[in-house]
Amino acid sequence: MGEILALAADNLLSPLILFFVLGLAAAFARSDLTFPEAAAKAMSIYLLFAIGFKGGASVVAHGIDGGLILSLLAGALLSALIPFIAYALLRVMTNLSTIDAAAVAGHYGSISIVTFVACSTALTGRGLDPEGYMVAVAAIMEAPAILSALWLVSRRAGGSGMDGDLLREILLNGSIVLLIGSFLIGGITGDEGLEKIASFIVAPFQGVLCLFLLDMGLVAGRGLRESGKYLNRGVFIFGMIMPLVGAILGLVIGLLLGLSVGGVALFMTLCASASYIAVPAAMRVALPEANPSIYLTLSLGITFPFNLTIGIPTYIAVASIFAGG
Amino acid sequence: MGEILALAADNLLSPLILFFVLGLAAAFARSDLTFPEAAAKAMSIYLLFAIGFKGGASVVAHGIDGGLILSLLAGALLSALIPFIAYALLRVMTNLSTIDAAAVAGHYGSISIVTFVACSTALTGRGLDPEGYMVAVAAIMEAPAILSALWLVSRRAGGSGMDGDLLREILLNGSIVLLIGSFLIGGITGDEGLEKIASFIVAPFQGVLCLFLLDMGLVAGRGLRESGKYLNRGVFIFGMIMPLVGAILGLVIGLLLGLSVGGVALFMTLCASASYIAVPAAMRVALPEANPSIYLTLSLGITFPFNLTIGIPTYIAVASIFAGG
Amino acid sequence: MGEILALAADNLLSPLILFFVLGLAAAFARSDLTFPEAAAKAMSIYLLFAIGFKGGASVVAHGIDGGLILSLLAGALLSALIPFIAYALLRVMTNLSTIDAAAVAGHYGSISIVTFVACSTALTGRGLDPEGYMVAVAAIMEAPAILSALWLVSRRAGGSGMDGDLLREILLNGSIVLLIGSFLIGGITGDEGLEKIASFIVAPFQGVLCLFLLDMGLVAGRGLRESGKYLNRGVFIFGMIMPLVGAILGLVIGLLLGLSVGGVALFMTLCASASYIAVPAAMRVALPEANPSIYLTLSLGITFPFNLTIGIPTYIAVASIFAGG
Amino acid sequence: MQTHKAKRVVITIEAIMQKRLTDILEGAGVTGYSILPVLGGSGRSGAWSREGQVSRASGMVQVICIIKPERLDGLLEAVFKVVDKHIGVVTIADVEVLRAERF
Amino acid sequence: MQTHKAKRVVITIEAIMQKRLTDILEGAGVTGYSILPVLGGSGRSGAWSREGQVSRASGMVQVICIIKPERLDGLLEAVFKVVDKHIGVVTIADVEVLRAERF
Amino acid sequence: MQTHKAKRVVITIEAIMQKRLTDILEGAGVTGYSILPVLGGSGRSGAWSREGQVSRASGMVQVICIIKPERLDGLLEAVFKVVDKHIGVVTIADVEVLRAERF
Ligand SMILES: Nc1ncnc2c1ncn2[C@@H]1O[C@H](COP(=O)(O)O)[C@@H](O)[C@H]1O
Ligand SMILES: Nc1ncnc2c1ncn2[C@@H]1O[C@H](COP(=O)(O)O)[C@@H](O)[C@H]1O
Ligand SMILES: Nc1ncnc2c1ncn2[C@@H]1O[C@H](COP(=O)(O)O)[C@@H](O)[C@H]1O
Ligand code: NA
Ligand code: NA
Ligand code: NA
């Protein structure tokens, strides 16, 4: 417990978290500080490009590990499974409608890539480098949860549901293509490729991440200010319980897979995090009746800050205890 | 005098100034070279983030100096005072209406952060590092001048004036929040934080500044080309006399405060520079009758280039004489 | 031949090419991956700024070479001449109308700066640094081809043709101004200036180029998908024959000029590449009847990928044979 | 100058639905349309702004079609299928156009 | 399809006044509006363009409200308070809308 | 409130022609216009989108003029010279304006 607190304090005073908090504070104070939409998109392209490439290069540097395939499989299964757990919890803890509950559940099966990046950065800072292929696991966990959510609805309420176009949009959405593509190119060009572009993707990485988290804080804060009213007590609590439930699942499976400490912590983080890009987009198309204020505010306004501040250091500490030494 | 000329020549042949001149020239030649609005905003976010953070980290590195509070106070007072001097000069030197004169006066009390950054860069290049807290002084000098300008008008002409919303907008405008926020975070995380993001905020800084000044040259040149006609001789001369008046005030107060050579030069630069972001925004809301072509062209087209090319090396040379060894 | 293949394989597995291919693939798979327009423009500003500055600094570092003036002259002449060759080939090989053929021909006399940058990067990677002034040659080759194309049309079909405004737009278009301006500033500030901004324009250069080529792949792929139908067999083949014709011309003239291996390879690349920015813009104004789907798709969808993948390593190998040792 | 009667239909819809809508427009025989960006707005589902979005799901666009009056009904029926369940606003106005052969 | 008469009010105003205008619109009972970006323009106070601006003060937007005809007068009076002293243009046009219950 | 009749002319044209068009508008005595960005569209010359462009040649804008009805014919004739050979769409609609002295 003492260690967790020390880790948490250390984490809370890192520039990354402080810039996120600055963003939250500026939003609540109604400052007009904003990032241009194009700059925010450019930063997220940069982060996906860098994290994918470094993951791929690291996989070849360390040799391809037997765990790769199993981890991908486990990731896909968890992504598909977690929405059912989330849905059951939501039906018990909240009064959300079937459709809203299913939509929210889908977000929690999927993942938040920035949470993943923040955790990776914290791990690298502590010398706990995770398996490079966790990037691919992150990518594969984006989509299955959406199918589970739509299945939950179609069983009960209909919904305009899935069609071929939507399936293609989900599987080939820009983030997945960029992440997987950079991962593969990192793998193909290996250390030699990494060397060529290291001063672009390694050196300035943390600085860009600070600015990105500042923007996330602004967006999350504005979301909470405007849509916080849609979250009643039960929903609010769900947003902090569910990541822990996910993290425990991730811990168990991560240990069974025999991942390193860093790998287990990342796997916990993936299971604990909730999507706010790919899944909302799919939900707007397939479940337009579900209220985006609920699922976006929950995922971005509650669970994201929770993971960033309390979750990540906890997951790292727990992973160190169970997978370490 | 010889030294000033040498410094000025050196300054004029630095990439920073040459890119600014390239921008001016391209604008006058009516080239279609333009920066996308989002890229210009992203660069200014980067500059504020970097300069704020480095300032904060430098304050802790050198220990908190008794001069901090006094300098902040002096900055706020000068910002509030300078508009009255500017207004008096304008009434004597030009035929601007009360409202236009008050609006212009407000700009000269406030500051231009890019002029500040250009001066800091020149100082660091000469080993004359200023006090880190000058960043906070810059931030505090943004707003008081606006209140003085509005008071000048309300005393005479009415104007729709100040309301609660406007006050919040002025005090919490994006630049101030980002600058002060980064300064605080730089202070909290200190050298350890700086090390993490140095290769983002230190190494590429001058390069970004070159591009930013190129864009400023384009904007200033286009402004002069289109609105130069609104500036008659008196106004034009005011745009080059007023920075010197401000600089002298800054020199005296800076010496009284016991600042280092770099600190005095920066204080002179702050007093000499004129706002072209925060103050125009406030004037459009509070004094819509004032002509933006006058105050923007004066501040951006005359005083900014004047300070960049002639002012800064002069202020550094003068500060070296009076505050040096 | 063996060497060419080895070079080509090496080239094909570099991150630059792989990211371009990723973009092509994503476009064909109809992924929604896109770069914001502002980010794409910002990257191209960065590339022009960096390549121009480095070229200028390199010219002074190596002393001004008698070849400079001759190379500029030769470049301008080739740019004006190549459209006639291209036009003749098009009339023989394809059934394009006079106007479409002239418009296409203009593109091949002019140059693609990204192809130039990709070749420079490959050369530097092999220790074959070209003459710094090749940047100026690239800039001077942009415009003459446009005049030739318009002359070809006016002789036959009329067209709204050239006027003073258009001439100014062509000669002072943003890319040329930025490239030449940065080149001059690089020359004026020399190594001292380069040192100040090297960590902005040297270190991250290849990383930015990867992202830029990813975007080019997306754009070229979407162009091919949507407008590939406008290119029949003859036009398609022209898009791969013409660069070779240009390259041979470039080889001969480059050897006559006595350029280094790198210089000859770059000169071949310039002659082989086709414009997709400056020339299309001029054609839309002066020859609105010409079909942009033909010239853009040909230049960006066929010739650009051809040069990037097969052309550049070939030109380098050939230049090494003829100009080397 | 000679002008011709036409209808200007403006559909404000979520960006994510844009492709689906324009596919349907093309299916309904619409020969042209333009897409304008929308920076923000407010309606029954609350206020939003483009700069406060991380999500691809968010943001709206305006799809503008100029059509011959006789095509209006077909177009509206086609459009209605898409906008019925989704948020969005449809307006129709009378306009005159030059070069009527284009529509 | 069944359409209903409505008014389309377009207010071109400085971006810096946007929030003040939409607050007033909400006060006047307007149930929805959309904001479009404006890239540049020209008027009595000269020409401007978005890319030539460093200043937050600059740039304009279009605020578009579709309203029931009976609400028009209230809206115009409210709007006039804001635009009176500021530069900007207000136009009103007749349109038809689908789904009238929304306005 | 007191409103006045005016015409709203919208010209959708390639960005590269914008300056030429507005020069001609000014020549034809137009006292003001606004430029809106267009994200994409489709017409007889195919579909395009702003994000799929590397070229300065591409992209379109909407030029909007509010003018007194009596100026319409002069304006259209001037505009026609520019749009005749180029792709683009011109629409004219009736609107009411506040503050008619501005037009
Ligand atoms: N009356 C209106 N006038 C103009 N735009 C509207 C109006 N109502 C809604 N909108 C736009 O349509 C979006 C969704 O509206 P709603 O479905 O009512 O939430 C809003 O955010 C606005 O951008
Ligand atoms: N007649 C007009 N038609 C369209 N937009 C106009 C018109 N007059 C003014 N505007 C817009 O309103 C802005 C301010 O106009 P003004 O107040 O006349 O300077 C201009 O820059 C244009 O964007
Ligand atoms: N019927 C239409 N309605 C709205 N916009 C149109 C229409 N036709 C053409 N456009 C716009 O004008 C551009 C050029 O049209 P076109 O000349 O038909 O290729 C298109 O890409 C659209 O942006
Ligand atoms: Na998850
Ligand atoms: Na000042
Ligand atoms: Na060429």
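Top to bottom, those sequences are chains A, B, C, D, E and F.
The first sequence begins at 133 in my numbering and counts up by one.
The second sequence begins at 133 in my numbering and counts up by one.
The third sequence begins at 133 in my numbering and counts up by one.
The fourth sequence begins at 272 in my numbering and counts up by one.
The fifth sequence begins at 272 in my numbering and counts up by one.
The sixth sequence begins at 272 in my numbering and counts up by one.
Where is the CB? At the ideal position from N, CA and C, for every residue including glycine.
Just measuring C-alpha positions, the residue of F:291, F:364, F:277 and F:274 sitting nearest residue 349 (chain F) is F:291.
Distances taken from the Cβ of residue 318 (chain F) to the heavy atoms of ligand 3 include one shorter than 8 Å.
If you draw a straight line from the Cα of residue 299 (chain D) to the Cα of residue 355 (chain F), it is about 28 Å long.
For the pair residue 373 (chain E) and residue 314 (chain D), the CB atoms are nearer than the 9 Å cut-off.
For residue 332 (chain E), the enclosing beta strand (DSSP E) begins and ends at 331–338. Distances between the C-beta of residue 315 (chain D) and the heavy atoms of ligand 1 include at least one below 8 Å. With respect to chain D, the C-beta atom of residue 439 (chain A) has no partner C-beta closer than 9 Å. Not one beta carbon of chain F lies nearer than 9 Å to the beta carbon of residue 281 (chain C). DSSP places residue 203 (chain A) inside the alpha helix (DSSP H), whose first and last residues are 199–225. Between residue 152 (chain B) and residue 348 (chain B), the beta carbon gap of about 6 Å places them in contact (Cβ cut-off 8 Å).
Counting along the chain, the unbroken beta strand (DSSP E) around residue 304 (chain E) starts and ends at 304–309. Per DSSP, the unbroken beta strand (DSSP E) holding residue 361 (chain D) starts and ends at 359–368.
Within the same chain, and ignoring the five residues on either side of residue 379 (chain C) in sequence, the residues whose Cβ sits closer than 8 Å to its Cβ are 400, 401, 403, 404, 443, 446, 447 and 450.
Taken from the Cβ of residue 416 (chain C), every heavy atom of ligand 3 lies 8 Å or farther away. Not one heavy atom of ligand 4 sits closer than 8 Å to the Cβ of residue 255 (chain C). Within chain E, the residues whose beta carbon sits less than 9 Å from that of residue 348 (chain D) are 272, listed in sequence order.
Using a Cβ-Cβ cut-off of 9 Å, residue 300 (chain A) does not count as an interface residue toward chain D, since no Cβ of chain D sits closer than that to its own. In summary, the residues of the region 171–182 of chain C whose CB is separated from some CB of chain B by less than 8 Å are 171, 173, 174, 177, 178 and 181, in the order they occur in the chain. Judged by beta-carbon spacing, residue 192 (chain A) lies within the 9 Å limit of residue 318 (chain A), meaning their Cβ atoms are closer than that value. Taking C-beta separations shorter than 7 Å and ignoring five residues to either side along the sequence, the partners of residue 339 (chain F) in its chain run 277 and 374, following chain order. In the three-state DSSP reduction, residue 275 (chain D) falls in the strand class (E or B). No Cβ-Cβ contact shorter than 9 Å links residue 252 (chain B) with residue 321 (chain C). When C-beta distances to chain F are compared with 9 Å, the residues of the region 411–427 of chain C below that value are 411, 412, 413, 414, 415, 416, 417, 420, 421, 423, 424 and 425, in chain order. Rounded to whole angstroms, the separation of the alpha carbons of residue 315 (chain B) and residue 436 (chain C) is 47 Å.
With respect to residue 370 (chain A), residue 430 (chain A) sits close: the two C-beta atoms are nearer than 9 Å. Per DSSP, residue 425 (chain B) lies in no beta strand (DSSP E); the unbroken alpha helix (DSSP H) holding it starts and ends at 424–428. Fully contained in the region 356–394 of chain C are the following alpha helix (DSSP H) runs of length 4 or more, in chain order: 365–389.
Annotation: the continuous beta strand (DSSP E) that includes residue 320 (chain D) extends over 317–320. Put simply, the backbone Cα of residue 236 (chain A) is about 41 Å away from that of residue 306 (chain F). When Cβ-Cβ separations below 9 Å define contact, residue 348 (chain B) makes contact with chain E.
When beta bridges are read from the DSSP output, residue 314 (chain D) appears opposite D:317. In this structure residue 387 (chain A) touches residue 396 (chain A) by the C-beta definition: roughly 6 Å separates them, less than 8 Å. Contact residues of the region 287–312 of chain D toward chain E are 307, 308, 309, 310, 311 and 312 (C-beta to C-beta distance below 8 Å). Taking a beta-carbon distance threshold of 9 Å, residue 408 (chain C) counts as an interface residue toward chain F. Residue burial is scored here from C-beta neighbours: residue 173 (chain A) has at least 16 other C-beta atoms within 10 angstroms and is therefore classed as buried. Collapsing the DSSP output to three states places residue 327 (chain C) in a helix.
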